[in-house]
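S.K.: For the sequence shown, numbering that gives the first Met the number 0 gives the first residue as 0, with consecutive numbering after it.
Beta carbons are placed, not taken as given, at the ideal position from N, Cα and C, and that holds for glycine.
Model, not experiment: these values are computed from the prediction.
Okay, handing you the structure first.
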Amino acid sequence: MVGPRYPKSPVPGSLMSGATRRSALGLLLGTPLLSACAGVQQSLSQFSNPFSNSTPPAQPAGPPQQATTAGTGGVKVAVILPLSAAGNAGLAAQSMRNAAEMALAEFQNPNIQLLIKDDNGSPQGAQGAAQQAVDEGAEIILGPLFAQSVPAVAQVARTRGISVMAFSTDSSIAGRGVYLLSFLPESDVNRIVEYCASIGKRSVAVLVPDNAYGNVVEAAVKAAVPRRGGRIVAFEKYGADRATPARTVAQQLGSADALFIADDGDAVVTVADAMTAAGANLRNIQLLGTGLWDNPRVYANASLQGGLYAAPDPAGFRAFSGRYRTKYGAEPIRTATLAYDAVALVAALARTQGTTRFSSDVLTNPSGFAGIDGLFRFRADGTNERGLAVMKVTQGGGVAVAGSPKSFGA
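Structure follows, in C-alpha cells:
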C-alpha cells in the first residue's frame, strides 16, 4: 500500500553516531528523537485489531523457547512475549522481539540488559517468566502481549514493587503499576471527535459492532461528543445483521452532519454498503472512523472516499520498517513499534532519571514521550493517550489532513 510521501529530515534533537542517524526515544522535556527514511506503510489494522490479542490462540503452542539476553548494561529489563505461541501470535512476538533488539542496537551506549522470556502464550507461562525475571534482578517488565496474561505478571511485579509496561489493548487490565503501551480505541475516538468538532461537525450518528471493541468505543464516544459540545443523534449496535441497524440510522441521518462507524476494514465496507442499501447518501455526510480504517478495502471503496479517521502519522512507521527490513530482511508487523518504543524509553529513562527511573512519577510525566508513532503518555490509571494525526480516505491511501500534535495540552 502506498502512503503519502514525507521528507527525509531528522527531528531536531535526534541522536547521532558518526554518519549513522540513530532513532531512539526520550523525555519530551529532554531530547526526543525520531529519524525518517523511506519505507512502505503497512495497515494499522494488520495484527493490531483491538482485542484480537486479548486471548491466546486456540491452536496448541510449540515448546517454550529458552530465555536469552541482549545487551550488557547494568539495568536489567524483562521482555515477556509469546514467542512459542501458535500461528500469528508467535510470528508477531518474534517481530516484536526483533524490534526490541533493534532499539537496543540503535540507542547510543544503553545501560540496560534485556532479559527475554517466552511465556508460551499462557498466563501460567507469563507468571513463570515474570518470576524468573524478577529473581534475576529485572527492574521493570515489558509485556506480555495477551490481556489474560497481564494480571499474572502484575501479581509477581507488585510483590517486588516494580512496574509493568504491557502491550495489550484491553484497558480493563491497566492500573496500579500496570501501564499499557498499545493502540487504545479511546485515543482514536477522542482525537477524531475533537477534530470533527473543530470543523463544525457536532451532530453525530454512530454505528458500532456489538462486541468488546464496540463496547469500549461506545463508552468513549458517548463521553467525547458531549465534552466537545456535540450531541449523538442516533446510536445503533450491529451483529451479523447489519441491515436493520443501518436502516434505523439512515432514517435519522437528516439531523446529523457526521456518521461514525467504528470497525475494521472489511466490516466498515459491509456497513457502508448496508447504509447505501437503506437509502443513505454517504457523500452528503462526513464519515468518521478509527485507526482500523487504515485498510486497503476502505481505500478502495467508493462510498468511503473522504472519510476521516485518527491514526499515528505513518511517516514514523515507514522510517522504522525501512531500517527493520535492512536489518532482518523482512517486514515488521505493525505493532512491532510498541516493543521498539518500550525498549528505547526504558533506555532513555535509565540514562536520565537516576534511581527513580521507572517510578510511577517518571512514567506518568504529563509531558509524555516521543516514539516511532508520535507522542504518547501514560495516565495514572495505566491507560495511555496518544498524539494522533487525522487521516483522509483516498483511492491512493490515507492522506494526513491534520498532523500529530507537537505537545500535549494540560
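Straight-line CA distance for Thr68 to Ala91?
M.R.: 19 Å
S.K.: Assign Arg333 to one of three DSSP states: helix, strand, or coil.
M.R.: In the structure shown, Arg333 sits in coil (DSSP, three-state: anything other than H, G, I, E or B).
S.K.: Compare the C-alpha of Met274 against each of Thr247, Gly142, Ser254 and name the closest.
M.R.: Thr247
S.K.: Express the C-alpha separation of Tyr212 and Arg322 in angstroms, rounding to a whole number.
M.R.: 32 Å
S.K.: Going by the CB atoms, is the gap between Val398 and Tyr194 shorter than 8 Å?
M.R.: no
S.K.: Tell me the DSSP bridge mates of Leu113?
M.R.: Ala69, Val76
S.K.: Would you kindly check if the distance between the Cβ of Ser186 and the Cβ of Leu387 is under 8 Å?
M.R.: yes
S.K.: Could you check whether the segment 102 to 113 touches the segment 147 to 155, counting it as contact only if at least three pairs of C-beta atoms, one from each stretch, sit closer than 8 Å?
M.R.: no
S.K.: Using the rule of at least 16 other Cβ atoms within 10 Å of the residue's Cβ for burial, across every protein chain shown, is Arg226 buried or exposed?
M.R.: By the neighbour-count rule (16 or more Cβ atoms within 10 Å), Arg226 is not buried but exposed.
S.K.: Using alpha carbons as the reference points, say which of Gly199, Pro184, Ala233, Gly160 lies closest to Asn214.
M.R.: Pro184
S.K.: Does DSSP put Gly253 in a helix, a strand or coil?
M.R.: helix
S.K.: Say the cut is 7 Å; is the CB of Phe316 nearer than that to a heavy atom of the ligand GTP?
M.R.: You won't find the ligand GTP in this model; it holds no ligand whatsoever.
S.K.: To the nearest angstrom, how far is the alpha carbon of Leu179 from that of Ala156?
M.R.: 15 Å
S.K.: Could you check whether the segment 234 to 252 touches the segment 302 to 313, counting it as contact only if at least three pairs of C-beta atoms, one from each stretch, sit closer than 8 Å?
M.R.: no
S.K.: Run through DSSP, which three-state label would Pro150 get?
M.R.: Residue state, collapsed to three classes: helix.
S.K.: How many Å lie between Val163 and Ile140 at the Cα?
M.R.: 5 Å
S.K.: To the nearest angstrom, how far is the alpha carbon of Leu303 from that of Val220?
M.R.: 20 Å
S.K.: Where does Phe377 fall in DSSP's three states?
M.R.: In the three-state scheme derived from DSSP, where H, G and I count as helix and E and B as strand, Phe377 is classed as strand.
S.K.: Compare the beta carbon distance of Val133 and Ile172 with 8 Å and say whether it is the shorter of the two.
M.R.: no
S.K.: Relative to the alpha-carbon of Asp209, which residue among Leu80, Asp240, Val192 has its alpha-carbon at the smallest distance?
M.R.: Asp240
S.K.: Report yes if the CB atom of Val270 is closer than 8 Å to the CB atom of Ile231, and no otherwise.
M.R.: Result no, Cβ atoms of Val270 and Ile231 do not sit closer than 8 Å.
S.K.: Ordered along the chain, which non-local residues of its own chain (more than five positions away) have a Cβ less than 8 Å from that of Thr412?
M.R.: Residue 412 lies beyond the residue range present for the chain, which begins at 0 and ends at 409; the question has no answer from this structure.
S.K.: When we look at the beta-carbon of Arg317 and count the other beta-carbons within 10 Å, is it buried (16 or more) or exposed?
M.R.: buried
S.K.: Pairing CB atoms from the segment 278 to 287 with CB atoms from the segment 367 to 377, are three or more of them under 8 Å?
M.R.: no
S.K.: Mind checking which residues open and close the alpha helix (DSSP H) that includes Ala271?
M.R.: For Ala271, the enclosing alpha helix (DSSP H) begins and ends at 264 to 276.
S.K.: Could you pull the start and end residues of the beta strand (DSSP E) that Leu103 belongs to?
M.R.: For Leu103, there is no enclosing beta strand (DSSP E); the residue is part of the alpha helix (DSSP H) that begins and ends at 86 to 105.
S.K.: Would Pro62 and Gly120 be called neighbours here (beta carbons separated by less than 8 Å)?
M.R.: No.
S.K.: Whole angstroms is fine: what's the gap from Ala401's alpha carbon to Val297's?
M.R.: If I take the Cα positions, the gap works out to 19 Å.
S.K.: Exposed or buried, which one is Arg190 when buried takes at least 16 other CB atoms within 10 Å?
M.R.: buried
S.K.: Run the CB neighbour count on Lys405, radius 10 Å, all protein chains shown included, and call it buried at 16 or more, exposed below.
M.R.: exposed
S.K.: Gly176 by DSSP, collapsed to three states: which one?
M.R.: coil
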